[in-house]
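Report on the following structure.
Protein chains: 2
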Amino acid sequence: MSTSPKLKLYEEFAAIARALGNAHRIDILEHLGQGERGVDALAAKVGLSTANTSQHLQHLKRAGLVDSRREGKYILYRLKDDNVLALLGALFDVGEKNLAEVDKVLRDYFHQRDDMEPVSHQELLERSRAGLVTVLDVRPKDEYEMEHLPGAKNIPLEELESRLSEIADAQEVIAYCRGPYCVLSYEAVAALRKRGIRARRLEDGVPEWRAAGLPLE
Amino acid sequence: MSTSPKLKLYEEFAAIARALGNAHRIDILEHLGQGERGVDALAAKVGLSTANTSQHLQHLKRAGLVDSRREGKYILYRLKDDNVLALLGALFDVGEKNLAEVDKVLRDYFHQRDDMEPVSHQELLERSRAGLVTVLDVRPKDEYEMEHLPGAKNIPLEELESRLSEIADAQEVIAYCRGPYCVLSYEAVAALRKRGIRARRLEDGVPEWRAAGLPLE
DNA sequence: AGTATATTCAATAGATCTATTGAATGATAT
DNA sequence: ATATCATTCAATAGATCTATTGAATATACT
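Top line first, the protein sequences correspond to chains A and B. Sequential numbering of the first sequence, starting at 1, is according to my numbering. Sequential numbering of the second sequence, starting at 218, is according to my numbering.
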């Protein structure tokens, strides 16, 4: 006797969930959220071998989470659609609210660097329009060039100390990076405050901004 | 060298995803969406042994998806919170939009029984208030008794044929059951139409109705 | 045609997951 | 104190997953 149609569907949904059941694959999805990438470039970003990265990408693709296209000898991967982002967001919500270990890591690492409430999309738009803030993208240059928030200045985190003069006059700095759990903007905000510069973090990153229908450059 | 704090977080999120990576556990969550249950009763609902069901529940509990409390010799399990429902919804969205196999099962089984657009919460409220529809809960009696939509009449699917006279005068019947992939309301609507009764399905079930802030009885 | 680069494939070992079975534990009833 | 019911635990076998390694394939360049 074959399984019921409902269980067939649930097995398909379970396969999607299994594709998210590995920390490296979630990391890969975060990077693809910044824009499409080849396997080799992606492997370098996530610190895995190219073969292993390719395996993970196959898994994500079978699960309907990413798509690919060939461009010459490169195979470029990207997030399938915004539903994938929404799914990650829902997963993160459950983790933040229901798992004590998540709470602990957030408190011990993330909130120790920035325990202020992050800035919402709406607040950033208002303050930016009023010329009250400098929007700072602290991702590596190549990610900034793919896509970034309107009017954002790019100073990759590792260059921040040596380029402080470029934002010394800012009234307030709002920093952002790859997404809600990327550490770059936490470190940036901590470093800027150490130098007496008023700084806060945006609540998320480019993919979430785009999914909210907001403009990008 | 320890893993980065971000990967620690991602490993926790991945553990939640793995808990959803099994069709039986998704089924268990659907049943818990109807109300809290003991292990033995749940095992009967999902067609697994009590020991196996208990193992799955431990897994779901560790992942922060369910909670439990003891009542005498019974341990009652329930969904941790609405975020769990939201996560399942997001997972289902990705499956429906991105997986060809899901589309196929929906077309071959579900839509063959009801290819009409399901009724939204809003439409049901309006039509119910205007006295234009009869709301029909086709779940088993015990699930109806735990919680149901206001004004809903309970005729479990297997009793439908013999109790048709109870809804013969209805202008239109809106049937619902456990959730978007429960087959009961699809079968009910197909059977009612066969008898010349105007019938449609609600788009989801009790848990989604509750999560939308709507009243239950 | 030969070489280099990018990517995937296939085999493998070790880790993890799932269902089963029988035992153990806790609560209730007699 | 004993029996019953409900649930969990522990061990096990088989299946699945993950990272690695070396080979194979596809594209671009010379």
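Each residue gets a CB set at the ideal place from its N, CA and C atoms; glycine is no exception.
Of the listed residues the options, nearest to residue i (C-alpha basis)
i: B:L274; options: B:H248, B:A387, B:N315 and B:D299; result: B:H248
i: A:I24; options: A:E36, A:P180 and A:N52; result: Checking the sequence shown, residue 24 of chain A turns out to be His, not Ile. The candidate whose alpha carbon is nearest that of A:H24 is A:N52.
i: A:G131; options: A:V138, A:I174 and A:H148; result: A:I174
i: B:D421; options: B:R415, B:S402 and B:A407; result: B:S402
i: A:Q112; options: A:L87, A:V206, A:A63 and A:A190; result: A:A190
i: A:P207; options: A:R200, A:I75, A:V39 and A:A86; result: A:A86
i: B:N474; options: A:D67, A:D108, A:D114 and A:R127; result: For chain B, the structure presents residues 218 to 434; residue 474 of chain B sits outside this window and is missing.
i: B:L259; options: B:A231, B:R295, B:A234 and B:K321; result: B:R295
i: B:E229; options: A:S4, A:D81 and A:L91; result: A:L91
i: A:D81; options: B:Y227, B:V311, B:R254 and B:K290; result: B:V311
i: A:E145; options: A:G35, A:K8 and A:A19; result: A:G35
i: B:E376; options: B:V355, B:D359, B:E364 and B:Y326; result: B:V355
i: A:L202; options: A:E166, A:S162, A:A170 and A:M116; result: A:M116
i: B:L409; options: B:A387, B:G238, B:A428 and B:W426; result: B:A387
i: A:G151; options: A:T50, A:E217, A:V119 and A:E187; result: A:E217
i: B:R254; options: B:S271, B:Q339 and B:E313; result: B:S271
i: B:H338; options: B:C399, B:L366 and B:A317; result: B:L366
i: B:E378; options: B:A405, B:V301 and B:E389; result: B:A405
i: A:A19; options: A:V84, A:K104, A:G33 and A:K45; result: A:V84
i: B:R427; options: B:G250, B:Y227 and B:V400; result: B:G250
i: B:I292; options: B:A385, B:D325, B:P357 and B:V256; result: B:V256
i: B:V336; options: B:L353, B:A317, B:D320 and B:N239; result: B:L353
i: B:K225; options: A:A15, A:K8, A:N22 and A:Y10; result: A:N22
i: A:G64; options: B:R415, B:A317, B:Y393 and B:Y398; result: B:A317
i: B:D331; options: B:R380, B:A232, B:Y227 and B:R415; result: B:R415
i: B:K411; options: B:L381, B:S345, B:H276 and B:G396; result: B:L381
i: B:L277; options: B:A232, B:P397 and B:E313; result: B:A232
i: B:Y398; options: B:L246, B:A234, B:Y227 and B:T220; result: B:L246
Closer than 8 Å: residue i CB and nearest the ligand MG heavy atom
i: A:A168; result: With respect to the ligand MG, the structure offers nothing, as it holds no ligand at all.
Residues bridged to residue i (per DSSP)
i: A:V173; result: A:T134 and A:A199
i: A:N22; result: Its beta-bridge partners do not exist; DSSP assigns none.
i: A:K153; result: A:L136
Exposure label - residue i; buried when at least 16 CB within 10 Å
i: A:R70; result: exposed
i: B:T351; result: buried
i: B:G430; result: exposed
i: B:M218; result: For B:M218, the pLDDT reaches just 38, beneath the cut-off of 50, and the residue's location in the model is therefore unreliable, although a value from the coordinates is still provided. Exposed is the call here.
i: B:E360; result: buried
i: A:K6; result: buried
i: A:G196; result: exposed
i: B:P432; result: exposed
i: B:R417; result: buried
i: A:G47; result: exposed
i: B:D244; result: buried
i: A:A72; result: Checking the sequence, you will find Gly at residue 72 of chain A rather than Ala. By the neighbour-count rule (16 or more Cβ atoms within 10 Å), A:G72 is not buried but exposed.
i: A:K45; result: buried
i: B:R279; result: exposed
i: A:A168; result: exposed
i: B:R346; result: exposed
i: A:R107; result: exposed
Checklist entry - Curious, which full-length beta strand (DSSP E) runs of at least 3 residues does the segment 77 to 138 of chain A contain? => result Annotation: the segment 77 to 138 of chain A contains the following complete segments of the beta strand (DSSP E) (minimum length 3 residues), in chain order: 134 to 137.
Checklist entry - Got a sec: which bits of the segment 220 to 231 of chain B sit with their beta carbon under 9 Å from any beta carbon on chain A, in order along the chain? => result T220, S221, P222, K223, L224, K225, L226, Y227, E228, E229, F230 and A231
Item to check | Near-chain B residues of the segment 119 to 148 of chain A (beta-carbon distance less than 7 Å), N- to C-terminal order | outcome: none
Checklist entry - Hey, which unbroken runs of the alpha helix (DSSP H) at 4 residues or more fall wholly within the segment 35 to 80 of chain A? => result 39 to 46 and 50 to 62
Checklist entry - Going along the chain, which residues of the segment 45 to 56 of chain A sit with their C-beta nearer than 8 Å to a C-beta in chain B? => result Within the segment 45 to 56 of chain A, no residue qualifies.
Checklist entry - Going along the segment 313 to 324 of chain B in order, which residues come within less than 8 Å of chain A, judged by CB to CB distance? => result K314, N315, L316, E318, V319, V322 and L323
Item to check | Under 7 Å (Cβ pairs) to chain B, residues found in the segment 17 to 29 of chain A | outcome: A17, R18, L20, G21, N22, A23, I26 and D27
Item to check | Against chain B: residues of the segment 159 to 189 of chain A by CB proximity under 8 Å | outcome: Y181, C182 and V183
Next on the checklist: For the segment 69 to 87 of chain A, list every residue whose C-beta sits within 9 Å of some C-beta in chain B, in sequence order.
Outcome noted: K80, D81, N83, V84, A86 and L87
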